[in-house]
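Just so we're aligned, residue 32 is where the sequence shown starts under my numbering, counting upward by one. Yeah, the Cβ is synthetic: ideal placement off N, Cα and C, and Gly gets one too. A quick note: this is a predicted structure, and the numbers were derived from the prediction, not measured. Written below as structure tokens is the structure these notes are about.
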Amino acid sequence: MEISDNCTPLSANNESRGALVVFEGLDRSGKTSQCGRLVSYLEGLGHSVELWRFPDRTTSVGQMISAYRTNKSQLDDHTIHFLFSANRWEKRSMMETKLKAGTTLRVDRYSYSGVAFSTAKGLDFEWCKAPEIGLIAPDLVVYLDITPEKAAERGGYGGERYEQLEFQRKVAQHYKLLKDSSWKMKVFCVDCRL
Ligand code: 2DT
Ligand code: MG
């Protein structure tokens, strides 16, 4: 499923632009630490690189998402889907500016999370993809491939709405349907270095 077909490639011929590298995976799959490691590595090589994550909690939309995730508010599944997407849209122009200025962005979760988690709840696949149309297409998607059971063994699991083993099993199945040519699968390993 080419979800990135729905996204807009950003001036592909401009070699001085930064790369958009997205990390995806189940909760507790190690995305955050892997993103951080690559940022340090690229910075060490003298590249301009920033670590971003979605949802971005610093915005008012992001705060609504946080309240929902920690069960402090209840929202219809379609409504929260739009909020996650709106949270990417509100960062789109800044993302474009940074990439065009030559900064590489390492992003922890993107449209794939939006579609995998909402379709795992039973929402329609095409409907879920629609609000992602026009966002910037990633150059590379790194999927951290951990089993839901292994992820559940990791520390701090279960504190958030989506951290339920049965639900994460469904998310894993839906992620597999999204895999396309921009994906690089990475088997989970605690000591991995990127
Ligand atoms: P983390 O902070 O643990 O990554 O949790 N999610 C995320 C969605 O359902 N849709 C989205 O568009 C995005 C970006 C994944 C974020 C949680 O929210 C889910 C887990
Ligand atoms: Mg999480």
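The beta carbon of His112 sits closer than 8 Å to at least one heavy atom of ligand 1. Runs of the alpha helix (DSSP H) lying entirely within the region 74-112, each at least 4 residues long, are 91-100 in chain order. Checking the 8 Å criterion, the Cβ of Glu191 is within range of a heavy atom belonging to ligand 1. Ile167 and Pro40 have their alpha carbons spaced roughly 6 Å apart. Tyr174 sits in a strand when the DSSP states are folded into three classes.
Our two residues, Gly77 and Tyr206, have alpha carbons roughly 34 Å apart in a direct line. Trp214 sits away from Val146, with the two beta carbons spaced by 9 Å or more.
With the rule of 3 Cβ pairs closer than 8 Å, the region 123-135 does not count as touching the region 173-186.
In the DSSP assignment, Leu136 falls within the beta strand (DSSP E) that extends over Thr135 to Asp139.
By the CB criterion at 9 Å, Leu209 and Leu57 fall outside the cutoff. At a Cβ-Cβ threshold of 9 Å, Ala151 and Phe198 count as neighbours. Going by beta carbons, Ser60 and Ile164 fall outside the 9 Å limit. Glu163 sits in a helix when the DSSP states are folded into three classes.
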